[in-house]
Amino acid sequence: MIYKKNDKNLNAITFLEGLRDDPKDVEKCIEFFSALHRLPKHMPRPFLEIVTVLKEEKPNLFKHLKTRLITNRPLIMLFDLNIDYEMAKERLLHTILTY
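Numbered by my numbering, the letters in the sequence shown go through residues -3 to 95 in order.
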């Protein structure tokens, strides 16, 4: 699925549940991150929470995604930050990404 700016359903939890722990899903992640980046400035962009959940639940995908994004400095920095996994999940449950 390709996420576009006018997409009304950028649900991070649904997105994460639909991913496999497989390098084949790297492009899906990049598309989703791009869609998040295109959201209006006032909208929440839970990049850190998503990366934290990926790191915990889909370590193989996380590793390949990190390798693929090595040249994207702002985004790759998120891969080295850590927040509590449970906190990340809780924040995602309460983050509304529709507009």
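For each residue, glycine too, the CB sits at the ideal point set by N, CA and C.
Sub-8 Å separation of residue i and residue j beta-carbons
i, j, result
"Leu71", "Ile46", "no"
"Pro42", "Thr91", "yes"
Same chain, Cβ closer than 7 Å to residue i, neighbours up to 5 away in sequence not counted
i, result
"Phe75", "Val47, Lys62"
Span of the alpha helix (DSSP H), counted from its first residue to its last, around residue i
i, result
"Asn56", "55 to 64"
"Leu89", "81 to 89"
"Phe11", "8 to 14"
"Phe29", "22 to 33"
"Arg41", "Careful: Arg41 lies outside any alpha helix (DSSP H) and carries neither H nor E."
Assumed close pair residue i, residue j - CB separation to whole angstroms, cut-off 8 Å
i, j, result
"Leu50", "Phe58", "5 Å"
"Leu77", "Leu44", "6 Å"
Beta-carbon contacts of residue i that lie in its chain and below 8 Å, excluding the five residues immediately before and after
i, result
"Cys25", "Leu15, Leu50, Leu57, Leu61"
"Pro19", "Asn56, Leu57, His60"
"Glu82", "none"
"Asp17", "Glu53, Lys54, Pro55, Asn56, Leu57"
"Ile96", "The displayed coordinates of the chain run from -3 to 95. Any statement about residue 96 would go beyond what the structure contains."
"Thr67", "none"
Cut-off 6 Å between Cβ atoms - residues of its own chain near residue i, not counting five sequence neighbours on either side
i, result
"Val22", "His60, Leu61, Arg64"
"Met(-3)", "Caution applies to Met(-3), whose pLDDT of 44 falls short of 50 and renders its modelled position unreliable; the value that the coordinates give is listed next. Around Met(-3): no qualifying Cβ."
(request) Count the CB pairs spanning the segment 54 to 69 and the segment 78 to 93 that are closer than 8 Å, and state whether there are at least three. (result) no
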